[in-house]
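Protein chains in written order, with UniProt numbering: chain A, 1 to 259; chain G, 1 to 259.
For glycine and all other residues, C-beta sits at the position ideal for the given N, C-alpha and C.
Quick caveat: nothing in here was measured; it's all calculated off a predicted structure.
Protein chains: 2
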Amino acid sequence: MRRLKMIVSYDGTAYSGFQTQPHGNTIQDKLELAVKLLTGDTVKVVSSGRTDAGVHARGQVIHFDTESRIPAERWAIAMNSRLPDDIVVLEAQEVDQSFHARYSAKTKTYAYTINNNKFPDVMRRKQELHHPRPLDWEAMREALRHLEGEHDFTSFCSARSTQASHVRTIYRTRIDHLGDRHPDYQGVYRIFVTGNGFLYNMVRMIVGTLIEVGEGRRSSSEIPEILEARNPMHEKLTAMAHGLTLWEVRYDSGDGTAT
Amino acid sequence: MRRLKMIVSYDGTAYSGFQTQPHGNTIQDKLELAVKLLTGDTVKVVSSGRTDAGVHARGQVIHFDTESRIPAERWAIAMNSRLPDDIVVLEAQEVDQSFHARYSAKTKTYAYTINNNKFPDVMRRKQELHHPRPLDWEAMREALRHLEGEHDFTSFCSARSTQASHVRTIYRTRIDHLGDRHPDYQGVYRIFVTGNGFLYNMVRMIVGTLIEVGEGRRSSSEIPEILEARNPMHEKLTAMAHGLTLWEVRYDSGDGTAT
């Protein structure tokens, strides 16, 4: 039995999220079907973590076990020809049995993209939250910095969470104005958050709160109090799914990855 | 009666092209319907030129006449709230009756985007031609420069064309490697062609020929002979519609545009 690790990107627009569901059209289903079409085997695909309906991935990581002898370097093309065109395998490699897409992950980066222009960009409408009202991006950067470090993120987690611990560490945050480098992205901002793990709806609730700060309805200095309150923010603050992308998952060099 | 000029962008993926067709779901139909929903009037929308099924527009220009007294500056938002989300009016202004979206146009720029990476970009798959085999972009730039100037473009025009004259002028061409400015566009190239008008399938046949040059199956120095032959290239050279975008239409300052 071999274990394969793959990096997968997908446009989540047409799916009910990553994880298999009773009535759902999910990314996991499509990946498992592609493996079955390719090898004849039924496998269980394990991801670094589920993504919700409408959420995209630039670098989701999965693993599964297979008896197939197809060389690792041929898997990406073979999978892609059996996948719908909104799911693309970018890389495949054989890894040690000790590698686990979820448990071996050291950091995850999510990106949330906001188009702050008067009108949406028609080509990117499924990947950008359109927010035509002005936002104070400096205040938002300041608010975001207050979230760096180890905190109990109960305030930024769905009240329905059943996780034992809400303590997570955010290592790095950044807000880029994409228009600084590329004229087609004038007025488009991308919020990056890198951490050791994220609670249910955590990034979307953080972004919803940043938008309140950007609109001047909250001060960035309120963030430490909000964290300390350990009281889930109102659900309506959850920013829409389509602006969110699982950007990158990192594993350290000692994770059993055979290169 | 007032004449309104609008700049419209659209994702052509879901449409049978710009122009109204007997059984077609077209951009023109959607625009005329939005005007009807807004004003109650049936108008005829005139564009700078039709775009084919699957072709996009960043800056299509239209005009139509209306009795409505809605101020010009309120039209864009009013139209957008009545249009599907893959069509966006970016700008509206009142113009003189002498302005005509098609006949007053001085230059048009088309852009064709090619993703030359091993795998397609999942988010941009409907706007980029994926061409994984290596291309010689310098040879393609050279070939494209041979097309600048006034020429009879019969060789780069569908054999089905019924136009009286195939003489057109290409003022400027350019191929940008978008990855030079934006890391997310590594390996993605955009071909710009600006001219005083384009024949049916002209840009797509030019791009198909450039790809042959880029693959080394033709030399860039053959372009002058191809032009002189005035013999339509094979239809299969027509590059796929989805990589093409009507980028910009320009009118000169004496075109009756009231600003």
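Residues of chain G with a CB under 7 Å from the CB of Leu90 of chain A: which are they? As a working note, residue 90 of chain A is residue 90 in the first sequence. Going along chain G in sequence order, the residues near Leu90 of chain A (Cβ under 7 Å) are Phe119.
Which residues of the stretch 199-215 of chain G have a Cβ closer than 9 Å to any Cβ of chain A? Give them in chain order. Of all residues in the stretch 199-215 of chain G, none has a Cβ within less than 9 Å of some Cβ in chain A.
Cα-Cα separation, Arg102 of chain A to Thr13 of chain A: The sequence position of residue 102 of chain A within the first sequence is 102, counting from 1. The sequence position of residue 13 of chain A within the first sequence is 13, counting from 1. Each residue's alpha carbon lies about 23 Å from the other.
Interfacial residues, the stretch 2-25 of chain A to chain G, with Cβ spacing under 7 Å: Listed by position, the residues of the stretch 2-25 of chain A near chain G (Cβ gap below 7 Å) are Ser9, Tyr10, Asp11.
Taking the runs of the beta strand (DSSP E) that are 3 residues or longer, which of them lie wholly in the stretch 135-174 of chain G? With a minimum length of 3 residues, the continuous beta strand (DSSP E) runs that stay inside the stretch 135-174 of chain G are 149-152.
Quick one: grab the DSSP three-state call for Asp255 of chain A. Counted from its first residue, the first sequence places residue 255 of chain A at position 255. At Asp255 of chain A the pLDDT is 45, less than 50, meaning the model places this residue with poor confidence; the figure from the coordinates comes in the next sentence. Here DSSP, grouped into helix, strand and coil, assigns Asp255 of chain A to coil.
If you draw a straight line from the C-alpha of Glu32 of chain A to the C-alpha of Glu91 of chain A, how long is it? Position 32 of the first sequence, counting from 1, holds the residue named residue 32 of chain A. Position 91 of the first sequence, counting from 1, holds the residue named residue 91 of chain A. Their Cα atoms are separated by approximately 16 Å.
Suppose you measure from the CA of Gln97 of chain A to the CA of Glu128 of chain A; what does that come to, to the nearest Å? The count along the first sequence starts at 1 and reaches residue 97 of chain A at position 97. The count along the first sequence starts at 1 and reaches residue 128 of chain A at position 128. Approximately 38 Å, taken between the alpha carbons.
Which residues of the stretch 99-133 of chain G have a Cβ closer than 7 Å to any Cβ of chain A? Give them in chain order. Within the stretch 99-133 of chain G, the residues whose Cβ lies closer than 7 Å to any Cβ of chain A are, in chain order, Phe119, Pro120, Val122, Met123, Arg125, Gln127.
What residue from A:His166, A:Gly187, A:Ile170, A:His63 has the CA that sits closest to Asp176 of chain A's CA? Taking the first sequence and counting its residues from 1, the one referred to as residue 176 of chain A is at position 176. Minimum Cα distance to Asp176 of chain A is reached at A:Gly187.
DSSP state of Gln28 of chain A mapped onto helix, strand, coil: Taking the first residue of the first sequence as 1, we reach residue 28 of chain A at position 28. In this structure, DSSP gives Gln28 of chain A a helical state, which the three-state scheme calls helix.
Nearest CA to the CA of Phe119 of chain G: which residue from G:Pro132, G:Ala72, G:His56? The residue you call residue 119 of chain G lines up with position 119 of the second sequence. Checking every option, the nearest Cα to that of Phe119 of chain G belongs to G:Pro132.
Tell me which residue opens and which closes the alpha helix (DSSP H) that Glu248 of chain A is part of. Counted from its first residue, the first sequence places residue 248 of chain A at position 248. Residue range 244-250 is occupied by the beta strand (DSSP E) that includes Glu248 of chain A, with no alpha helix (DSSP H) assigned at that position.
Quick one: is Arg174 of chain A near chain G, going by C-beta distance under 8 Å? For the purposes of this step, residue 174 of chain A is taken as residue 174 along the first sequence, with counting starting at 1. Judged by the 8 Å Cβ criterion, Arg174 of chain A is not in contact with chain G.
How would you list, in chain order, the residues of chain A whose beta-carbon sits under 7 Å from the beta-carbon of Asp85 of chain G? Here residue 85 of chain G corresponds to residue number 85 of the second sequence, with the count starting at 1. Below the 7 Å Cβ cutoff, chain A contributes Arg125 as neighbours of Asp85 of chain G, in chain order.
Could you tell me which of G:Val35, G:Val213, G:Pro232, G:Ser48 sits nearest to Lys108 of chain G, measuring between CA atoms? The residue labelled residue 108 of chain G in the question sits at position 108 within the second sequence. When each option's Cα is compared against that of Lys108 of chain G, the closest is G:Ser48.
Exposed or buried, which one is Glu225 of chain G when buried takes at least 16 other CB atoms within 10 Å? Counting from 1 along the second sequence, the entry for residue 225 of chain G is found at position 225. Exposed is the call here.
Taking the Cβ atom as the reference point for each residue, do Gly195 of chain G and Arg230 of chain G lie within a distance shorter than 8 Å? For the purposes of this step, residue 195 of chain G is identified with residue 195 of the second sequence, where counting begins at 1. For the purposes of this step, residue 230 of chain G is identified with residue 230 of the second sequence, where counting begins at 1. No; because the gap between Cβ atoms is not below 8 Å, this pair is not in contact.
Are the C-beta atoms of Arg250 of chain A and some chain G residue less than 8 Å apart? For the purposes of this step, residue 250 of chain A is identified with residue 250 of the first sequence, where counting begins at 1. So no, Arg250 of chain A is outside the interface.
If we call anything under 8 Å between Cβ atoms a contact, is Ser43 of chain G one with Thr20 of chain G? Along the second sequence, one-based indexing puts residue 43 of chain G at 43. Along the second sequence, one-based indexing puts residue 20 of chain G at 20. Per the sequence shown, residue 43 of chain G should be read as Val rather than Ser. Taking a C-beta distance under 8 Å as the contact criterion, Val43 of chain G and Thr20 of chain G do not qualify as a contact pair.
Taking 8 Å as the CB-CB limit, is Arg181 of chain G close to chain A? In the second sequence, counting from the first residue as 1, residue 181 of chain G sits at position 181. Judged by the 8 Å Cβ criterion, Arg181 of chain G is in contact with chain A.
Measuring only the C-alpha atoms, how far is Thr259 of chain A from Ser9 of chain A? Position 259 of the first sequence, counted from the start, is the residue given in the question as residue 259 of chain A. Position 9 of the first sequence, counted from the start, is the residue given in the question as residue 9 of chain A. Its pLDDT being 36, under 50, Thr259 of chain A is placed unreliably by the model, and nothing is read from it.
Less than 7 Å between the CB of Leu38 of chain A and some heavy atom of the ligand HEM, yes or no? The ligand content of the structure shown is nil, which means the ligand HEM is not present either.
Does the stretch 150-165 of chain G come within contact of the stretch 196-206 of chain G, defined as at least 3 CB pairs closer than 8 Å? Flag = yes, the stretch 150-165 of chain G and the stretch 196-206 of chain G touch.
Under 8 Å between the Cβ atoms of Ala239 of chain A and Gly208 of chain A? What you label residue 239 of chain A is simply residue 239 of the first sequence in a count that begins at 1. What you label residue 208 of chain A is simply residue 208 of the first sequence in a count that begins at 1. In this structure, Gly208 of chain A lies closer than 8 Å to Ala239 of chain A by Cβ.
With 8 Å set as the bound, which would you pick, yes or no: does the beta-carbon of His177 of chain G sit closer than that to a beta-carbon of chain A? If you number the second sequence from 1, residue 177 of chain G lands on position 177. False, the Cβ-Cβ gap to chain A never drops below 8 Å.
Should residue 260 of chain A be labelled buried (16 or more other beta-carbon atoms within 10 Å of its own) or exposed? Limits of chain A in this structure are 1 at one end and 259 at the other, which puts residue 260 of chain A out of reach.
Backbone secondary structure at Ala14 of chain G - three-state DSSP: Within the second sequence, the letter at position 14 stands for residue 14 of chain G. For Ala14 of chain G, the secondary structure class from DSSP, reduced to helix, strand or coil, is helix.
Please classify His234 of chain G: is it buried, with 16 or more other beta-carbons within 10 angstroms of its beta-carbon, or exposed? Taking the second sequence and counting its residues from 1, the one referred to as residue 234 of chain G is at position 234. Its Cβ having fewer than 16 others within 10 Å, His234 of chain G is exposed.
Does the beta carbon of Thr231 of chain G come closer than 8 Å to any beta carbon on chain A? Stepping through the second sequence from its first residue, residue 231 of chain G is reached at position 231. Residue 231 of chain G is actually Asn in this sequence, not Thr. It does not; no Cβ of chain A falls within 8 Å.
Going along chain G, which residues have a C-beta under 9 Å from His146 of chain A? Residue numbering aside, residue 146 of chain A sits at position 146 when the first sequence is read from its first letter. Using a Cβ-Cβ cut-off of 9 Å, His146 of chain A is close to nothing in chain G; its nearest Cβ partner there is about 28 Å away.
State yes or no: is the C-beta of Ile27 of chain A within less than 8 Å of the C-beta of Gly59 of chain A? Within the first sequence, the letter at position 27 stands for residue 27 of chain A. Within the first sequence, the letter at position 59 stands for residue 59 of chain A. Result no, Cβ atoms of Ile27 of chain A and Gly59 of chain A do not sit closer than 8 Å.
On the DSSP letters alone, give me the boundaries of the alpha helix (DSSP H) that Asn80 of chain G sits inside. Walking along the second sequence from the start, residue 80 of chain G turns up at place 80. Asn80 of chain G -> alpha helix (DSSP H) spans 72-80.
Taking the C-alpha atoms as reference points, what is the distance between Tyr251 of chain G and Ile191 of chain A? Position 251 of the second sequence, counted from the first residue, corresponds to residue 251 of chain G. Position 191 of the first sequence, counted from the first residue, corresponds to residue 191 of chain A. Tyr251 of chain G and Ile191 of chain A: Cα-Cα distance of roughly 38 Å.
Kindly say whether His56 of chain A, judged by its beta-carbon, lies nearer than 8 Å to any beta-carbon of chain G. By 1-based counting over the first sequence, the position of residue 56 of chain A is 56. Yes, contact with chain G.
Would you say Asn116 of chain A and Leu135 of chain A are within 8 Å of each other, going by their C-beta atoms? Within the first sequence, the letter at position 116 stands for residue 116 of chain A. Within the first sequence, the letter at position 135 stands for residue 135 of chain A. Between Asn116 of chain A and Leu135 of chain A, the C-beta spacing is below 8 Å.
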